[in-house]
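According to the working numbering, the sequence shown is numbered sequentially starting from 1.
Note sheet for the following structure.
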Amino acid sequence: MPIFQITPLGDNYDRLKQEVESRFESKDRHTLQAKAGWLVRYGGTTIEVSNLLNITGQEQGEKSPVGPTLVTSFASYYGRGPSDMWEWLKTRMEGTA
1 MPIFQITPLG
11 DNYDRLKQEV
21 ESRFESKDRH
31 TLQAKAGWLV
41 RYGGTTIEVS
51 NLLNITGQEQ
61 GEKSPVGPTL
71 VTSFASYYGR
81 GPSDMWEWLK
91 TRMEGTA
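See below:
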């Protein structure tokens with residue numbers, strides 16, 4: 001199942017957090033450090049994730065109730081971070097969790 005990164009692009013972290021926590025079970029989301037966003041597992045597209053979280057999908061001319069947010073799908077990863085993040089990514093991308 002695809003993994004997505006949800007990144008707030010403004011001062012909308014708390015509002016976005018409400019959406020993420022209400023739409024994704026705890027086993028399908030991982031909170032990133034320093035309010036950087038979330039990793040989520042979802043069987044859809046970036047557009048579907050964005051619409052699910054009310055980032056997009058409003059009638060033309062209507063503002064998003066969530067605010068500016070980047071939804072990114074990825075297939076590989078590399079970098080530095082806490083071990084629980086790497087474990088979450090590994091188990092979700094390999095389909096073992």
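For each residue, glycine too, the CB sits at the ideal point set by N, CA and C.
Because the structure is a prediction, the values reported are computed rather than measured.
Selection Ser50, Asp11, Gly44, Gly43 evaluated against Ala36 yields Asp11 as nearest (Cα-Cα). Contact between Trp88 and His30 holds, with the beta-carbon distance rounding to 4 Å and staying under 8 Å. Looking from the CA of Thr56, the closest CA among Ser22, Leu16, Ile3 belongs to Leu16. DSSP, read as helix, strand or coil, puts Ile47 in helix.
Just measuring C-alpha positions, the residue of Arg80, Val66, Thr91, Asp14 sitting nearest Leu53 is Val66.
Arg41: member of the beta strand (DSSP E) spanning 38 to 41, first to last residue. In the DSSP assignment, Thr7 falls within the beta strand (DSSP E) that extends over 3 to 8.
Val71: member of the beta strand (DSSP E) spanning 69 to 74, first to last residue.
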